[in-house]
Amino acid sequence: IAGITQAPTSQILAAGRRMTLRCTQDMRHNAMYWYRQDLGLGLRLIHYSNTAGTTGKGEVPDGYSVSRANTDDFPLTLASAVPSQTSVYFCASSRDGGNIQYFGAGTRLSVL
Amino acid sequence: GQQLNQSPQSMFIQEGEDVSMNCTSSSIFNTWLWYKQDPGEGPVLLIALYKAGELTSNGRLTAQFGITRKDSFLNISASIPSDVGIYFCAGQPASRDDKIIFGKGTRLHILP
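Chains A and B, in that order, give the protein sequences. Numbered according to this note's numbering, the first sequence spans residues 5 to 116. Numbered according to this note's numbering, the second sequence spans residues 23 to 134.
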């Protein structure tokens, strides 16, 4: 079934540890996005990629990095996790930057 | 930066009631989207609107692209228990070439 796959589904992480959230899409979409969702704050854009080989910063990029080596994969890395990064993380993709975005099921991350 | 003001933040209604929620901005938008997020899942697109004044239905859901291009409305008729969730508006600003921005969501609760 075509769509976006995120892994892991959930993770508990000790503060200071490095963590990579994985995101893969099989729709051949050019653009991909990472959001975090926190109660009362909605979806906030962390980083995005308009096409393979390019990335850009969103609204809340600090403490996160991304790479886009190919069309399908867009991993999000927390180099040294902090408790304020406890959140639900969603990956999304769209055919082009301004088009409808399709979301994965999310990764629930707890940093202790 | 540009913002979408979505209201209400939450709603408590009786099963069978109609629901209305809206999204407004001080800027003009080219596209309006409405998403629903079920508990534990990622947002799923409900309705997409591309033209000022456009009125589109999807089953019991109806959404409108405001004539001023600065607002959009979502109505749900005869609510049922499975309508529970968070509803997000999203839009592509006319002043930008890419990237849709999201409202903070309306959380819908249905009382038995």
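Just so you know, even glycine gets a beta-carbon here, dropped at the ideal spot from N, CA and C.
Which residues in chain A sit within 7 angstroms of residue i, going by Cβ to Cβ distance?
i: residue 124 (chain B); result: 46 and 47
i: residue 127 (chain B); result: 46
How is residue i classed by DSSP in three states: helix, strand or coil?
i: residue 42 (chain B); result: strand
i: residue 105 (chain B); result: helix
i: residue 87 (chain A); result: helix
i: residue 65 (chain B); result: coil
i: residue 105 (chain A); result: coil
i: residue 110 (chain B); result: strand
i: residue 97 (chain B); result: strand
i: residue 92 (chain A); result: strand
i: residue 11 (chain A); result: strand
i: residue 126 (chain B); result: coil
i: residue 26 (chain B); result: coil
Bridge partners of residue i, per DSSP?
i: residue 50 (chain B); result: Answer is none; residue 50 (chain B) lacks a bridge partner.
i: residue 131 (chain B); result: B:34
i: residue 36 (chain A); result: A:53 and A:97
i: residue 25 (chain A); result: A:80
i: residue 115 (chain B); result: B:51
Going along chain A, which residues have a C-beta under 9 angstroms from residue i?
i: residue 63 (chain B); result: 107, 109 and 110
i: residue 139 (chain B); result: Lying outside 23 to 134, the shown extent of chain B, residue 139 (chain B) is not represented and no answer is given.
What residues of chain B sit near residue i, judged by a beta carbon separation below 7 angstroms?
i: residue 104 (chain A); result: 55, 67 and 70
Would you report the Cα separation of residue i and residue j, rounded to the nearest angstrom?
i: residue 84 (chain A); j: residue 23 (chain A); result: 8 angstroms
i: residue 130 (chain B); j: residue 56 (chain B); result: 14 angstroms
i: residue 134 (chain B); j: residue 37 (chain B); result: 6 angstroms
i: residue 81 (chain A); j: residue 65 (chain A); result: 11 angstroms
i: residue 54 (chain A); j: residue 35 (chain A); result: 4 angstroms
i: residue 50 (chain B); j: residue 87 (chain B); result: 11 angstroms
i: residue 7 (chain A); j: residue 27 (chain A); result: 11 angstroms
Run down chain B in chain order and give the residues with a C-beta less than 8 angstroms from the C-beta of residue i.
i: residue 78 (chain A); result: Per Cβ cutoff of 8 angstroms: no residues; residue 78 (chain A) is ~15 angstroms from chain B at best.
So the candidates are the options; which of them puts its Cα closest to the Cα of residue i?
i: residue 109 (chain B); options: B:34, B:128 and B:96; result: B:128
i: residue 117 (chain B); options: B:92, B:80, B:35 and B:105; result: B:92
i: residue 63 (chain B); options: B:107, B:125 and B:132; result: B:107
i: residue 13 (chain A); options: A:103, A:95 and A:101; result: A:95
i: residue 58 (chain B); options: B:72, B:46 and B:98; result: B:98
i: residue 114 (chain B); options: A:89, A:91, A:105 and A:78; result: A:105
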